[in-house]
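Numbering (our numbering), first residue to last: 1417 to 1664.
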Amino acid sequence: MTEPTGPSTARMIDFWLGGSDHFPVDVAAARAFEQAYGPCAPVFRSLRAFLGRAVRHIADAGVDGFLVFGAGVPTRGNVHEVVPDASVLYTDVDPVAVRIGQEMLAGRERVGYGFGDATDPGSVDAGLRKRFLPGWDDRPVGVVFLGLAAFLDDDTLARTLDELYEAVAPGSRLAIDFDTEELAGYPQALAMMGPAFRMRPPESFAGLLGRWQPTGDGIVPVARWRPDGTPEQVPDAFYGAVAVKPAG
Ligand SMILES: C[S@@+](CC[C@H](N)C(=O)[O-])C[C@H]1O[C@@H](n2cnc3c(N)ncnc32)[C@H](O)[C@@H]1O
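Put into C-alpha cells, the structure is as follows:
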C-alpha cells in the first residue's frame, strides 16, 4: 500500500497497541507525541480493554450486531475479536483506514468495513448495512463510538447521538468515550491534536448523551468501568459509558 503523506491517530493507536498496521509517518508522530506527553501505550491499552468489556457486556445483553464508527484499524482486541459470533460493520471516514480494514477482513462472512461518517448515519452504505446488520430495522444493535467524540463539537455530537438514538431499535446500546482535560497540562501535545480536538470536563458528558441512558455503571474513567480486576493505573484521559435506548 502507498505510504500516506500524513499520520493518523488511528494508526498511531495501532502502533501503541503493538500492531503492525501503521507507517513510518505514524511512528514518527507517535514518538513526537510521547515526547510531549509521556508514555501512551498503557493509556490506549486501557481504552482498548474498555472496548472489550463494553462490547462483551452488550453481547451478554443479547445483542449480536455491531456498527462501529471511527473504527480506525480493526485489530488488537477490536469488536469482532471480542465477540467472534457477532456480525460487525466497521466504518470510518478515512479512506486509508477503510482500505486497510477491507484488506484485513476480506473474505469474512459476518465482518465488513466501509465508509461511514458518524455525523451522518445515512452515509453508511445501505447494501453493507443490510448485509452485515440484517436486523438493523427491528433488532437491537450495539453502536461503538470510541475515539470520536473529541473530534466533534458539542452541537454536532449531541445531534449525531440523537439521530443514532432515533435510527436504532429499542434495546440498542451505545459504547462511547469522551476525552477529559488531561492534555491541558501538555500544551505541545495538545497542539498536535489539531484545532478540531475538544477536551471536556466530566460534568458535561451526561448532557451530551441526550436520550441515551447510561447503565448503572455510570460515566466513569474507562479503567474503572466494570474492571475485570484491579483497574489499570493510568491517567483519567478518557471517560466511558455504555448507554441504552430502553425497550418499550
Ligand atoms: C482517535 S481515532 C480512534 C480509532 C478507533 N476507534 C480506536 O479507538 O482505536 C479516530 C478515528 O475516527 C475517524 N473519524 C474522525 N471523524 C470521523 C467522522 N466524522 N466519522 C467517522 N469517523 C471519523 C478517524 O478517521 C479515525 O480513524
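The beta carbon of each residue, even a glycine, is placed where N, CA and C say it ideally should be.
Proximity test, residue i beta-carbon vs ligand 1 heavy atom, cut-off 7 Å
i: G1486; result: yes
i: G1563; result: yes
i: G1478; result: no
i: F1567; result: yes
i: V1459; result: no
i: I1429; result: yes
i: T1421; result: no
i: S1424; result: yes
i: D1510; result: yes
i: G1645; result: no
i: G1517; result: no
i: G1532; result: yes
i: A1513; result: yes
i: T1535; result: yes
Cβ-Cβ separation, residue j to residue i (assumed contact under 8 Å), whole Å
i: D1386; j: R1627; result: In this structure the chain extends from 1417 to 1664, so residue 1386 is not present and cannot be described.
i: M1608; j: A1446; result: Rounded, the Cβ-Cβ distance is 10 Å, inconsistent with contact.
i: A1426; j: G1468; result: Not really, about 17 Å apart at Cβ, beyond 8 Å.
i: L1562; j: L1483; result: L1562 to L1483, Cβ: 12 Å. No contact.
i: P1647; j: A1639; result: 4 Å
i: V1512; j: P1423; result: That belief does not hold up - the Cβ atoms of V1512 and P1423 are roughly 11 Å apart, past 8 Å.
i: F1485; j: V1560; result: 7 Å
i: L1505; j: L1544; result: 6 Å
i: P1412; j: V1499; result: Since the first residue shown for the chain is 1417 and the last is 1664, residue 1412 is missing from the structure and cannot be characterised.
i: F1567; j: A1600; result: Going by Cβ atoms, the distance from F1567 to A1600 rounds to 17 Å, so no, they are not a contact pair.
i: D1442; j: M1428; result: 5 Å
What runs of the alpha helix (DSSP H), each 4 residues or longer, lie entirely inside the segment 1515 to 1600? 1542 to 1548 and 1570 to 1583
Below 8 Å, can you find three or more Cβ-Cβ pairs linking the segment 1577 to 1594 to the segment 1516 to 1523? Contact between the segment 1577 to 1594 and the segment 1516 to 1523 is absent, because fewer than three Cβ pairs lie under 8 Å.
Using 8 Å as the threshold, is the segment 1447 to 1455 in touch with the segment 1525 to 1535, meaning 3 or more CB pairs across them? no
Counting pairs of beta carbons, one from the segment 1607 to 1627 and one from the segment 1489 to 1508, are three or more of them closer than 8 Å? no
Can you find at least 3 beta carbon pairs, one from the segment 1547 to 1559 and one from the segment 1469 to 1489, that sit closer than 8 Å? yes
For the segment 1624 to 1638 against the segment 1646 to 1659, do three or more pairs of beta-carbon atoms, one drawn from each stretch, fall closer than 8 Å, so that the two count as touching? yes
What alpha helix (DSSP H) runs, 4 residues minimum, are completely inside the segment 1604 to 1638? 1621 to 1624
Entirely within the segment 1476 to 1516 and at least 3 residues each: give me those beta strand (DSSP E) ranges in chain order. As far as the segment 1476 to 1516 is concerned, its whole beta strand (DSSP E) runs of at least 3 residues are 1481 to 1485 and 1503 to 1508.
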